[in-house]
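These notes concern the structure reproduced below.
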Amino acid sequence: MSESTEAVASGGAPASKKAEPSRKGVFARIALFVRQVVAELKKVVSPTRQELFTYTGVVLVFVAIVMAFVGLLDYLIGLGVFHLLG
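What the sequence shown shows, in our numbering, is residues 75 to 160, in sequence order.
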């Protein structure tokens with residue numbers, strides 16, 4: 075690529091290389107990660123007993139519906155294969 079096309083591709087200004095900032099050490103990055111994890115865990119709110127029972131009920135009903143759907147689908151596919159292959 076020629077210099078003129080590089081200047082056009084970059085908006086008319088020649089490309090300049092910026093020096094990357096020095097990276098932190100391994101232990102500093104681990105400490106930062108742990109601090110961020112602790113900060114996020116402080117934001118967690120436990121559900122009340124009533125909310126817990128409600129969420130559990132919703133999950134159980136949804137799982138039962140999906141089980142019924144998959145069971146019906148399995149039964150119908152089994153019937154189709156049985157009639158097709160004899």
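Beta carbons: idealized from backbone N, C-alpha and C, even for Gly.
Within the same chain, and ignoring the five residues on either side of residue 131 in sequence, no residue has its Cβ closer than 6 Å to its Cβ.
Taking each of 104, 108, 139 in turn and checking the Cα distance to residue 116, the smallest one comes out for 108.
Residue 147 and residue 128 have their C-alpha atoms some 29 Å from each other. Listed in chain order, the non-local C-beta contacts of residue 114 below 7 Å within the same chain number zero, local neighbours out to five positions each way being set aside. CA-CA distance, residue 142 to residue 123, rounds to 29 Å.
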